Amino acid sequence: MGDPRPADSASVDELHDSALTHVTGQSEFVDDRPMVKGELHCGIVFSPWAHARIVRLDTSAALAIDGVACVITARDVRHNLWGPIFEDQPLLAETEVNFVGEAVAVVGAQTQDALRRGIAAVVVEYERLDAIMSIEEAIAAERFIGVERTIATGDVEAALGSAPRTLEGTLIIDGADHFYLESQAAVVYPRDGAQLEVHSSTQHPTEAQHVVARACGLHSHEVVCIARRLGGAFGGKESQATPIAAWAALVAQKTGRAARLVLTKDEDMIITGKRNPFVIAWRCGFDDAGMILALDATLRSDGGAYADLSTAIMERALAHCDNAYSIPNMRVRGRVCRTNVHPHTAFRGFGGPKGVAMIESVIEAVADATGRDALDVRKANCYRPGHEVTHYGQRVDNNCLPELFEKLEASCDYRARREAIRQWNATGDGSPRGLSLTAVKFGISFTTRAMNQASALVNVHTDGTVQVSTGAVEMGQGVNARIAALVAEEFGIPVSSVRLAPTSTEKNANTSPTAASVGTDMNGAAAVDACRRIKARMAALAAVLSKTPPERWPSKTAGLGTVPEIEVGEGMDGPVDLTALGIPFAQLAFECVRSRISICEHGRFRTPDLSYNKVEGSGRAFRYFTQGVACSEVEIDPMSGAVKVCRVDILMDIGRPINKSLDLGQIYGGFVQGMGWMTTEHLVYDDNRKLVSHSPSTYKIPSIQDTPRVFNADVIVNDGNTQNIRASKATGEPPLLLAISVWTAIRDAIQAARTRPGAAPAGEVVSLAIPATGERVLRALSPELFESVAARR
Amino acid sequence: MRDYSLIYLNGVRREVRGRDALLMLADWLRREEGLPGTKIVCAEGDCGACTVLRSFGGSEFEAVNACITTVAQMDCSHIVSVEAMARNGELAPAQRAMAECHGSQCGYCTPGFVMALSAMLERHESAPAKTVANYLTGNLCRCTGYSQIIDAGCAARASTAHSVSGRFLEPAAVVAVAKAAEEPFQIAAGSTSVYAPTTLRSALALAGSPAPCRVIAGATDLGVQINKGAPWPQILLSLHLVRELNFIRSARRHIEVGACATLAQLRRACGKAAPEFARFLDLFASPQIKNVATLAGNVANASPIGDTLPFLLVAGGAIHVASRALGRGPIARRVIPLTELFAGYRTLAVSHGEIITHISFDQTVAGETLRLFKVSQRRDLDISAVNAAFAVTRSDRPLSRRRSVADACAFPMIASARVAYGGIAATPLRLGAIEEMLVGELTPHKVESIAAQIAGSIAPISDVRGSADYRRVVAANMFRRFARELADG
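In order, the protein sequences belong to chains Y and U.
If you count the first sequence from 1, position 312 lands on 312 in the numbering used here, and the numbers rise without skipping.
When you read off a place in the second sequence, starting at 1, and then add 793, the result is the number in the numbering used here.
What follows is the structure, encoded as structure tokens:
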């Protein structure tokens, strides 16, 4: 098969860089690599208990099975502990298991059948121990990960004491599974000497490289990690792809054979961590106009058995408790609980959604209490001129929130629809409907300062084409297409002349994970840095060539020894426009090489002006904020509590987009992913904290039928974000948080139904957990039915 | 007797023998044929990433899940995978639309969407958003939120040059497949023997022999169980070549559905005879599943939440079985009403050697009100927490003969009622006591007492799909909804 192209090649520039190979099935993912001779299938023996001592581990029966090549246990691992922040998690459990799904052994076998039998034949005897099953139990047992973090401004206690009115509540937020379509996967090839070539579906090739090297007793220069593309990740492959790579590497090292480890969907969901569950208790002081005067919130998250990224996730949650609203007196405190469940991890939004869900639910409660429309409460409390400093002391520059509220309120016809819904609900006869318009202000940068750096390798070839490799990993978000567009723009060449090479630790080392929405921001800036260095050198030569007759250009003379060769010095400073010099790019590239001028370069980027201090909870945490608003309308089926999202309107400020189509894809996709978490995606565990909903037959992500029938997404024009590359803004995570409007709309519908004349008496604050599953909605909507059923039993 | 499964893969003849015949089609494509474009994600038919196109015996191409069906079951089929869709380097319409409308992000679900959309374009020149969504209900995407995929589906235009039937149903190959379909096969696949007889008589001979034998038609559930670690049965008896079992007959009063008729065929056939059931089938399973799965399979699987079962229980459903004593005697037949079929949790009151030949159910008659409900975590493509069927005949005076205002306001008069629920016990159940209570005038007070009776009398379990109390409330609410619809006319 050739290289298919759409008939209209002009449109190619706008496409995802892999669009054409995706649709033809030619895009290669880790498990699509052909099996090589002798390659082993690997599988995991994992703990069936939440907490237990390993009394006996016997691999002899497994090793006796025909086709079983090796069984790796903790004793085979040179350096067993790893972790992205704290090094507290064993790659393979040695004396104790701390969650259902914790790996105890890795089996390598020649066939799938031998693997299955080998796994079953590994004997592990456990002595069960008491387990911590919940946030509450962990708090009671004082089992925490890391210290408590606090961000505070003003005097909260005084302000709560003097506030005309106060409310308090508790918000329960369950986790969610990433449900990337491509399960965790790695293939490892032994190479010359002791070297290992690791192909991993990871957002963080550098961490995989380092952990593989340490686990195998190698040095970093003996391990290469390559990530061509990921079949979705959403944070789930930031840290948790690492042990998968290490397990496969241990088998490859021990046997000297290629080793492939691909989890099934069920294994993947049972073993790997999810979005951290949170319990947030809050107290709020406000006045009759709905102005929030004080907010005190205590956040507790379930970190699972090991630290993973949970402390950083908590830090971001704390930094997003303000969301779009200026609150003069505020204190938020957060701590991670250690429980006996899979270690929870990054998931699109990284803690931000928990803080935002809390404050948005507080606003709903304040609106209910004051009788004001929740949108008016939001607009009144919104960051605005004179009120633009966050609780951690960073100024909200280039604040578009008031504009976004005003514009969406008008374009989605909020007031008229609010009235229509009020009338609909007043009849009390139909399905309750709800409407809600919420906002997002998402901080862009890693909160851990050291991670805000990137590098890129740009190789220009003598035919004028360019290969780029950065630390960024392509996982569907389109980072490659955006970087290609930036490079093409720098050189003044078509996007089709630029190709992004697989991400590899050989090309860029010591990279940060592709996460925190900053993939394009940082790696694109690094690529542009490299382009500009190359351009400066090319321009210096071009300046000389423009004064030299073409027959004496290096391409005509180099090597012939007939005329003196052209020598060029350091290059030019300042912006350079290569096209203005009139020499075709390919020609100039060729002349450069003939003149011993390098047209390859490493670019670098470090995010400037970050000053956040985690201990004090203050400083400039983010380079800028991506902002947006969304209005959701929902209808509840009173028979089942099922929610239908009828209409969604989104308006975002994403600066000056590099590729608007791809950004809209992030907006639609992020919103629907968040919508799943707000509604149907329910993680169910048994009494032993084993995940029961571990496949799509029981864990329900949105289907195509759940996409809102009316689904409008648009962006405002904003050229003012000069802090970021090409005045663009990151779009990866922020849209997910807009789906909180679906949950507040459900709450709105329940509130309307419960306060209708003749309805059963309502509680003070509608208490609705996330996700608002059908059962939870029906319980909130018709508590009397559940009471009578319970009474009858 | 053949010893191979015959497949025309992307137009090329393949005879698959031995162990390979029991590979799932997706594994065979990826590992043995070097075609990794077809992806495996859930291995349970819920995500559609493994979607390929299949034509059985030269029929129209349809989307099927390659991860839960074996090569043996795909015998006598043309299979087209994503790799073959572009023609001479030119993208097929579905591919082009998915690329240009940004319907693809990470790319892992994309081949499945391309194939499901291509199945739509085999039947529709172009389609509106609703049709597009219906064809793509069986495909999950985690990146796009589907918006741009729907755009792609609406933008795609079928082209003659890219017609899959036109390109791949070569007349000679269709003849070869038809010929092969008249010849039974027996394939020794490791420790499992797979048989595909061509007559009921020989099928019954195999089923009646003493060795334990698993009879399959669509086998969409067996495929899942195997993928999740269940062992293969020793003998697998596939009915796909038994033409006498592939029929849907509409008799005067009832419909007969052969054991090999797919749910997709059934959906097309019962639109008029049982419109409510047809509507319900639209919420039930994905196109990929319905193109393979059978009504007989759904019944034989005996799940307490099988979605066709409450309907069959109220619609006079019955299964018709045939057997031959010790596999040798003459064909004996008997009929088992659905109400007597379920002996216990996932247990059928059928004997060794009996094969379901067909299932019959009554047509919905004029004057009868039939309503089917299901509640699941997600509306579409989800296993029910509770499902229910209500069928009543009314004895109200027709509107035209009502004289007084009081008459017009009268509550529904129920002459007879049948009520069945799934998800409330180990088997789906008719609720006889509720049926008796229903007869007479259905006053609001009576509605509430029946609802309370339903909630109080059933014994559901708590599981991943909902708590027992939720099931009780929902079961009662289903009845409340039905009663309100009756009252509203």
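Positions of the beta carbon are idealized from the N, C-alpha and C atoms, including for glycine.
Predicted, not measured: the structure shown is a model, and the values here were computed from it.
Q) Does the separation of the CB atoms of Y/A481 and Y/H16 fall below 8 Å? A) Taking the first sequence and counting its residues from 1, one reaches residue 481 of chain Y at position 481. Taking the first sequence and counting its residues from 1, one reaches residue 16 of chain Y at position 16. Closer than 8 Å, so yes.
Q.
For chain U, check one thing: does any of its Cβ atoms lie closer than 8 Å to the Cβ of Y/T773?
A. Counting from one through the first sequence, the residue named residue 773 of chain Y turns up at place 773. True, the Cβ-Cβ gap to chain U drops below 8 Å.
Q) Taking buried to mean at least 16 other C-beta atoms within 10 Å of its own C-beta, is U/T794 buried or exposed? A) Against the second sequence, residue 794 of chain U aligns to sequence position 1. For the record, residue 794 of chain U in the displayed sequence is Met; it is not Thr. Counting Cβ neighbours within 10 Å, U/M794 comes out exposed, since fewer than 16 surround it.
(Q) So U/C843 contacts chain Y; which residues on that side make the cut at Cβ distance below 7 Å? (A) Looking up residue 843 of chain U in the second sequence gives position 50. In chain order: nothing, as chain Y lies at least about 11 Å away.
Q | is_contact[U/M817, chain Y] using C-beta, thresh 8 Å | A | What you label residue 817 of chain U is simply residue 24 of the second sequence in a count that begins at 1. Closer than 8 Å: no.
Q) Who are the near neighbours of Y/S431 in its chain, counting only those whose CB is closer than 8 Å to its CB and skipping five residues on each side? A) In the first sequence, the residue the question calls residue 431 of chain Y occupies position 431. Once the five neighbours on either side are set aside, the close Cβ partners of Y/S431 are E635, I636, D637, P638.
Q.
With distance defined between alpha-carbon atoms, name the residue in Y/S782, Y/W743, Y/F786 nearest to Y/E364.
A. In the first sequence, counting from the first residue as 1, residue 364 of chain Y sits at position 364. The residue with the shortest Cα to Cα distance from Y/E364 is Y/W743.
**Q.** Run of the alpha helix (DSSP H) containing Y/D88, from where it starts to where it stops
**A.** In the first sequence, counting from the first residue as 1, residue 88 of chain Y sits at position 88. Here Y/D88 belongs to no alpha helix (DSSP H), and DSSP marks it neither H nor E.
Q. Can you give, in chain order, each stretch of the beta strand (DSSP E) that sits fully within the segment 1042-1118 of chain U and has at least 3 residues?
A. 1047-1051, 1111-1117
Q) With 16 other CB atoms within 10 Å as the buried threshold, where does Y/E633 fall? A) Counting from one through the first sequence, the residue named residue 633 of chain Y turns up at place 633. The residue is buried, with at least 16 neighbouring Cβ atoms inside 10 Å.
Q. CA-CA distance, Y/H219 and Y/E28?
A. Taking the first residue of the first sequence as position 1, residue 219 of chain Y is located at position 219. Taking the first residue of the first sequence as position 1, residue 28 of chain Y is located at position 28. Computed Cα separation, rounded: 29 Å.
Q. Cβ of Y/G763 less than 8 Å from any chain U Cβ?
A. To locate residue 763 of chain Y, count along the first sequence from 1; it is residue 763. Summary for Y/G763: the model assigns pLDDT 48, below 50, so the residue's position carries little reliability, and this model does not support an answer.
(Q) Does chain U have any CB closer than 8 Å to the CB of Y/V198? (A) In the first sequence, counting from the first residue as 1, residue 198 of chain Y sits at position 198. Cβ-Cβ to chain U under 8 Å: no for Y/V198.
Q.
From the DSSP secondary-structure annotation, give me the bridge partner or partners of U/T1186.
A. The residue you call residue 1186 of chain U lines up with position 393 of the second sequence. Paired residues: U/E1161, U/S1209.
Q) What in chain U is Cβ-close to Y/M475, meaning under 9 Å? A) Indexing the first sequence from 1 puts residue 475 of chain Y at position 475. Chain U residues near Y/M475: Q898, C899, C936.
Q. Looking at the structure shown, is U/E918 part of a helix, part of a strand, or coil, going by DSSP?
A. Here residue 918 of chain U refers to the residue found at position 125 of the second sequence. U/E918: coil per DSSP, three-state reduction.
Q: Determine whether the Cβ of U/E1234 lies closer than 8 Å to any Cβ atom of chain Y.
A: Indexing the second sequence from 1 puts residue 1234 of chain U at position 441. No, because no Cβ of chain Y sits closer than 8 Å to the Cβ of U/E1234.
Q | Cβ distance (whole Å) where Y/I483 is taken to contact Y/T470 below 8 Å | A | As a position in the first sequence, residue 483 of chain Y is number 483, starting the count at 1. As a position in the first sequence, residue 470 of chain Y is number 470, starting the count at 1. Indeed they touch by this definition, with Cβ atoms about 6 Å apart.
Q.
Buried or exposed, going by whether 16 or more other CB atoms sit within 10 Å of the CB of U/A971?
A. Looking up residue 971 of chain U in the second sequence gives position 178. Label assigned to U/A971: exposed.
Q: For Y/M639, return the contacting residues in chain U, with the cut-off set at a CB-CB distance below 8 Å.
A: Here residue 639 of chain Y refers to the residue found at position 639 when the first sequence is read from its first residue. The contacting residues are F1166, V1168, V1267, N1270, M1271, R1273, R1274.
Q | Boundaries of the beta strand (DSSP E) in which Y/K614 is found, first to last residue | A | Start at 1 with the first residue of the first sequence, and residue 614 of chain Y comes out as number 614. No beta strand (DSSP E) holds Y/K614; DSSP gives it neither H nor E.
Q. Which term fits U/G841, buried or exposed, when burial requires 16 or more other beta carbons within 10 angstroms of its beta carbon?
A. In the second sequence, residue 841 of chain U corresponds to position 48, counting from 1. It is buried - the Cβ of U/G841 has at least 16 other Cβ atoms within 10 Å.
Q) Thinking just about the alpha-carbon of each residue, which of Y/A488, Y/V147, Y/E207, Y/L375 is nearest to the one in Y/K614? A) Counted from its first residue, the first sequence places residue 614 of chain Y at position 614. Y/K614 has its Cα closest to that of Y/V147, out of Y/A488, Y/V147, Y/E207, Y/L375.
Q. For Y/R300, which residues does DSSP report across the bridge?
A. Position 300 of the first sequence, counted from the first residue, corresponds to residue 300 of chain Y. Paired residue(s): Y/V279, Y/R335.
Q. Using the C-alpha atoms, what's the distance from Y/G334 back to Y/A281?
A. Reading the first sequence from its first residue, position 281 is the one you call residue 281 of chain Y. Reading the first sequence from its first residue, position 334 is the one you call residue 334 of chain Y. Each residue's alpha carbon lies about 11 Å from the other.
Q: Report the partner residues of Y/N329 according to the DSSP bridge assignment.
A: Residue 329 of chain Y sits at position 329 when you count from the first residue of the first sequence. According to DSSP, which records beta bridges pairwise, Y/N329 is partnered with Y/A294.
Q: Starting from the beta carbon of U/Q941, find every residue of chain Y whose beta carbon is closer than 9 Å, and list them in chain order.
A: On the second sequence, residue 941 of chain U is found 148 positions in, with the first residue counted as 1. Here the neighbours are S661, L664, G665, Y668, G669.
Q. Got a sec, what are the start and stop residues for the beta strand (DSSP E) Y/G443 sits in?
A. Indexing the first sequence from 1 puts residue 443 of chain Y at position 443. Start and end: 433-444.
Q: Could you tell me the boundaries of the beta strand (DSSP E) in which Y/R418 lies?
A: Position 418 of the first sequence holds residue 418 of chain Y. Careful: Y/R418 lies outside any beta strand (DSSP E), inside the alpha helix (DSSP H) at 414-427.
**Q.** Buried or exposed by the 16-neighbour rule on C-beta atoms within 10 Å, applied to U/K832
**A.** Taking the second sequence and counting its residues from 1, the one referred to as residue 832 of chain U is at position 39. Classification of U/K832: buried, given that the 10 Å Cβ count is 16 or more.
**Q.** Helix, strand or coil at U/T1170 according to DSSP, with G and I counted as helix
**A.** On the second sequence, position 377 is the one that residue 1170 of chain U refers to. According to the sequence shown, residue 1170 of chain U is Gln rather than Thr. Note: U/Q1170 maps to coil in three-state DSSP.
Q. Taking Cβ positions only, does U/Y797 come closer than 8 Å to chain Y?
A. Position 4 of the second sequence, counting from 1, holds the residue named residue 797 of chain U. Taking Cβ atoms only, chain Y never reaches closer than 8 Å to U/Y797, which makes this a no.
Q) Skipping 5 residues on each side, what residues in its chain have a beta carbon closer than 6 Å to that of U/G1090? A) To locate residue 1090 of chain U, count along the second sequence from 1; it is residue 297. Counting only Cβ-Cβ distances below 6 Å, and skipping sequence neighbours, we find A1010, G1011.
Q) Do you know how far the Cα of Y/C284 is from the Cα of Y/L91? A) Along the first sequence, one-based indexing puts residue 91 of chain Y at 91. Along the first sequence, one-based indexing puts residue 284 of chain Y at 284. Near 44 Å, if we compare the C-alpha coordinates of Y/C284 and Y/L91.
Q.
For Y/A790 and Y/T170, what's the separation of their Cα atoms in angstroms?
A. For the purposes of this step, residue 790 of chain Y is taken as the residue at position 790 of the first sequence. For the purposes of this step, residue 170 of chain Y is taken as the residue at position 170 of the first sequence. Near 24 Å, if we compare the C-alpha coordinates of Y/T170 and Y/A790.
Q: Give the interface partners of U/Q888 over in chain Y, defined as CB-CB distance under 7 Å, in chain order.
A: As a first step, residue 888 of chain U is located in the second sequence; it is residue number 95 there, counting from the start. Within 7 Å Cβ-Cβ: V23, T24.
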